[in-house]
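Here the structure is laid out as structure tokens; the discussion comes afterwards.
2 protein chains.
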Amino acid sequence: MSTAARTPQQDRSRATRQRLLEAAVDCLAELGWNGSTVTVVAERAGVTRGAAQHHFPTREDLFTAAVEHVAAERLAALRADTGELPPLGPARTEAVVELIIRLYTGPLFRAALHLWVAAATEEPLRARIIALENRVGRESHRAALEFLGLDEGTPGVRETVQATLDLARGLGLANLLTDDTQRRSGVVRQWSAMLQAAVDGAAAVPVEQN
Amino acid sequence: MSTAARTPQQDRSRATRQRLLEAAVDCLAELGWNGSTVTVVAERAGVTRGAAQHHFPTREDLFTAAVEHVAAERLAALRADTGELPPLGPARTEAVVELIIRLYTGPLFRAALHLWVAAATEEPLRARIIALENRVGRESHRAALEFLGLDEGTPGVRETVQATLDLARGLGLANLLTDDTQRRSGVVRQWSAMLQAAVDGAAAVPVEQN
Numbered sequence: 038m039s040t041a042a043r044t045p046q047q048d049r050s051r052a053t054r055q056r057l058l059e060a061a062v063d064c065l066a067e068l069g070w071n072g073s074t075v076t077v078v079a080e081r082a083g084v085t086r087g088a089a090q091h092h093f094p095t096r097e098d099l100f101t102a103a104v105e106h107v108a109a110e111r112l113a114a115l116r117a118d119t120g121e122l123p124p125l126g127p128a129r130t131e132a133v134v135e136l137i138i139r140l141y142t143g144p145l146f147r148a149a150l151h152l153w154v155a156a157a158t159e160e161p162l163r164a165r166i167i168a169l170e171n172r173v174g175r176e177s178h179r180a181a182l183e184f185l186g187l188d189e190g191t192p193g194v195r196e197t198v199q200a201t202l203d204l205a206r207g208l209g210l211a212n213l214l215t216d217d218t219q220r221r222s223g224v225v226r227q228w229s230a231m232l233q234a235a236v237d238g239a240a241a242v243p244v245e246q247n
Numbered sequence: 038m039s040t041a042a043r044t045p046q047q048d049r050s051r052a053t054r055q056r057l058l059e060a061a062v063d064c065l066a067e068l069g070w071n072g073s074t075v076t077v078v079a080e081r082a083g084v085t086r087g088a089a090q091h092h093f094p095t096r097e098d099l100f101t102a103a104v105e106h107v108a109a110e111r112l113a114a115l116r117a118d119t120g121e122l123p124p125l126g127p128a129r130t131e132a133v134v135e136l137i138i139r140l141y142t143g144p145l146f147r148a149a150l151h152l153w154v155a156a157a158t159e160e161p162l163r164a165r166i167i168a169l170e171n172r173v174g175r176e177s178h179r180a181a182l183e184f185l186g187l188d189e190g191t192p193g194v195r196e197t198v199q200a201t202l203d204l205a206r207g208l209g210l211a212n213l214l215t216d217d218t219q220r221r222s223g224v225v226r227q228w229s230a231m232l233q234a235a236v237d238g239a240a241a242v243p244v245e246q247n
């Protein structure tokens, strides 16, 4: 990325924006929606409230943009590291499942969860979070397919990958109040083995129809 | 259950308590933690605020008891209906997975989710919700094993059942802001097939060690 065309002022503005977005995610993860105001985030980012409002006119703008930005950054970081993954096979499957679940058990998921639950009862947030959830969900699904080297054309693959992301969300929730690391490691191992078996068995295991 | 030993006053008190608990879950599911006060619940239950406080001295008492009570009732209702389930095999597995996931995508889970997320940032709730989560989690795990006719002594079974409950939590979350029924049905079908294959294959599929 060339920065030659940007003025120092544009660089400063971009850096401020970036600091605000990162502070907003940390703030949400730590303090929840009730405790997360533009003022608190501005303070944490070392920016005036006026500057924060210049970048993000409303509280909803700030926090929605923050979760989207940090999610995109984390996904890009994972993509940059795929060269480090083992070749396709059970070891890679387990490594990828671990990566995905690590993403869902850290501060980013915690922040998103607070926003998500607030959106269930706050109208101005609701529509924005539904749209955000769709975009981030689609991106995560595509990345998971890519990392696992799976073809969505194979029957059952789409649902298996969706189940993996749903499981990750559930494990994220289970990690909210207590450190669930130990229990989770058994689940991740077992899930990885089942996922591998499902994709090895040419995707969907036939289900008896009732 | 004999009611012969109870006085009419005890019956009324029990009925009041029951109405409060059910109203508290509905209230949480609809209005979230911020909107759920003892006053709102008392009104919805058609009980005076004083009577509500006689049964539940604090807001935390009321909502924690409500989620625990309704969870126990739902589980008991499922237990009472196990005679209707198909015999052990793929059809039963899918029916049980559906039952579990239905439990996690209804108002009870929604209420629990609001309480859970509030507990992440509200100290008086935190310890109580951790304890509640442990008790309800243990009960749900035991019921799932029972319904699926699985023996936890078999390697991998415990983790597979845990994964099923984690998946259910994730699907509950995915259903919070939008109706996820259609997407979910594919995930449930696929997961049921994977679960059946895992238990048929004498539990854990071996995982390559790296």
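First to last, the protein sequences are chains A and B. Those letters in the first sequence? Residues 38 to 247, per the numbering used here, in order. Those letters in the second sequence? Residues 38 to 247, per the numbering used here, in order. All C-beta atoms, glycine included, are put in the ideal place defined by N, C-alpha and C. Treat the numbers as computed from the prediction; the structure is a model and nothing was measured.
Taking all protein chains shown into account, do 16 or more other C-beta atoms lie within 10 angstroms of the C-beta of A:G72, making it buried, or fewer, making it exposed? exposed
Can you find a C-beta in chain B that's less than 8 Å from the C-beta of A:T69? Note on identity: in this sequence residue 69 of chain A is Gly, with Thr being the wrong assignment. With 8 Å as the cut-off, A:G69 counts as an interface residue toward chain B.
Looking at the structure shown, is B:N212 part of a helix, part of a strand, or coil, going by DSSP? Residue state, collapsed to three classes: coil.
Neighbouring residues, chain A, relative to B:H151 (Cβ below 7 Å): V154
Mind pulling the alpha helix (DSSP H) runs of 4 or more residues that sit fully within the stretch 54 to 95 of chain B? 75 to 82, 86 to 92
Suppose the cutoff is 7 Å on Cβ atoms and the five residues either side in sequence are ignored; what does the same chain contact list for A:L169 look like? Excluding sequence neighbours, A:L169 sits near T101, V104, E105.
Distance, A:R51 Cα to B:V75 Cα: 47 Å
Starting from the beta carbon of A:A211, find every residue of chain B whose beta carbon is closer than 8 Å, and list them in chain order. Near A:A211 (Cβ distances below 8 Å), the residues of chain B are D203, R206.
B:R139, DSSP secondary structure in three states: helix
Please report the straight-line C-alpha distance between A:R86 and B:R56, rounded to a whole angstrom. Taking the straight line joining both Cα atoms gives about 47 Å.
Whose Cβ in chain B lies nearer than 8 Å to the Cβ of A:G223? R195, E196, Q199
Using C-beta distances below 7 Å, list every residue in its chain close to B:E97, excluding the 5 sequence neighbours before and after it, in chain order. P161, L162, R165
What separation, rounded to the nearest whole angstrom, lies between the Cα atoms of A:Q246 and A:V154? Its pLDDT being 39, under 50, A:Q246 is placed unreliably by the model, and the measurement read from it follows with that caveat. One C-alpha to the other measures close to 36 Å.
Taking all protein chains shown into account, do 16 or more other C-beta atoms lie within 10 angstroms of the C-beta of A:T215, making it buried, or fewer, making it exposed? exposed
Find the nearest neighbour of B:G69 within the set B:L213, B:A89, B:V224, judged by alpha-carbon distance. B:L213
Residue environment, B:F115, which counts as buried when at least 16 other CB atoms sit within 10 Å: Checking the sequence, you will find Leu at residue 115 of chain B rather than Phe. Under this definition B:L115 is a buried residue.
Any beta carbon of chain B sitting closer than 8 Å to that of A:G72? yes
Rounded C-alpha distance that separates B:I167 from A:G207: In a straight line, the C-alpha of B:I167 is about 16 Å away from that of A:G207.
Say whether the stretch 223 to 235 of chain B touches the stretch 133 to 147 of chain B, bearing in mind that this needs 3 or more beta-carbon pairs closer than 8 Å, one atom from each stretch. Flag = yes, the stretch 223 to 235 of chain B and the stretch 133 to 147 of chain B touch.
Where does the unbroken alpha helix (DSSP H) through A:E183 begin, and where does it stop? 160 to 185
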